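Heads up: the structure comes next, in C-alpha cells.
Residue numbers (full-length UniProt numbering): 1 to 181.
Here it is as C-alpha cells:
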C-alpha cells in the first residue's frame, strides 16, 4: 500500500473510532515519509480523540515544523492548548490560523478562548461582527444562541437558534436547543 492509500486508511480508521490502528498507521506514515506532515497530523488527531492533549500538541508542533503555512494545524494545536488551559498559546494559534486563511473554525475557537478567558462581552461583540460580515455562516448564529442561553437570556437565544434553523433545518443540535427553551 502506498503512502496516500495508507493515509486514507488511517483517516477512515480515525472516523470509525479505531484509534489504536489509526495511531499505528500514523507512525508508519512518519517512517515512510518523515518530511511529510500528514503522519504527525494524523497522530495528533488520534490523541485529541483520546483526550491526550499534550501528545496532540507535540504531534502538531512537528507537523507545523514541516508545513508552517497550514491553518488547520494551528487551529488544532490551539484547541489542544485550550483544553490544557494554555489560553494565550491557544489565542496565538487561532489568530495565526485566521491570518493564514481566515479559517471559520479558528474564528469559532477564538470565541471559545474569549469565553474561557472571562471575556464574554468581547466574545459577544466578536460574534456579532462575524454575523454582520458573514450572515450565512450558521455556526456563528448557533454560537451566539449558546452564549445567550448560558447567560440566561432564553428569548434572545431562541431568536439566534431560529435563524440558524432557517439556514440549516436538519441541524439536530439546533432542534435540541429550541426544544429546551
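Think of the CB as a built atom: it goes at the ideal place given N, C-alpha and C, for glycine as much as any other residue. Please read all numbers here as calculations on a predicted model, not as lab measurements.
Residue from the options with nearest C-alpha to residue i
i, options, result
"residue 26", "18, 35, 15 and 41", "41"
"residue 172", "142, 4 and 58", "142"
"residue 11", "3, 166, 2 and 22", "22"
"residue 33", "4, 180, 150 and 111", "4"
"residue 118", "137, 87, 98 and 1", "87"
"residue 182", "80, 166, 152 and 59", "Nothing about residue 182 can be reported from this structure: the residues present for the chain run from 1 to 181 only."
"residue 62", "181, 35, 152 and 48", "35"
CB-CB length for residue i against residue j, believed under 8 Å
i, j, result
"residue 82", "residue 45", "About 16 Å separates the two Cβ atoms, so there is no contact after all."
"residue 56", "residue 75", "That belief does not hold up - the Cβ atoms of residue 56 and residue 75 are roughly 12 Å apart, past 8 Å."
"residue 84", "residue 43", "17 Å between Cβ atoms; not a contact."
Residue i vs residue j beta-carbon contact at 8 Å
i, j, result
"residue 147", "residue 123", "yes"
"residue 71", "residue 106", "yes"
"residue 39", "residue 50", "no"
"residue 121", "residue 130", "no"
"residue 126", "residue 145", "no"
"residue 73", "residue 91", "no"
"residue 37", "residue 66", "yes"
"residue 93", "residue 77", "yes"
"residue 178", "residue 156", "no"
Where residue i falls: helix, strand or coil (DSSP)
i, result
"residue 172", "helix"
"residue 32", "helix"
"residue 153", "coil"
"residue 50", "coil"
"residue 17", "coil"
"residue 140", "helix"
"residue 103", "coil"
"residue 1", "coil"
"residue 96", "helix"
"residue 119", "coil"
"residue 84", "coil"
"residue 37", "coil"
"residue 75", "helix"
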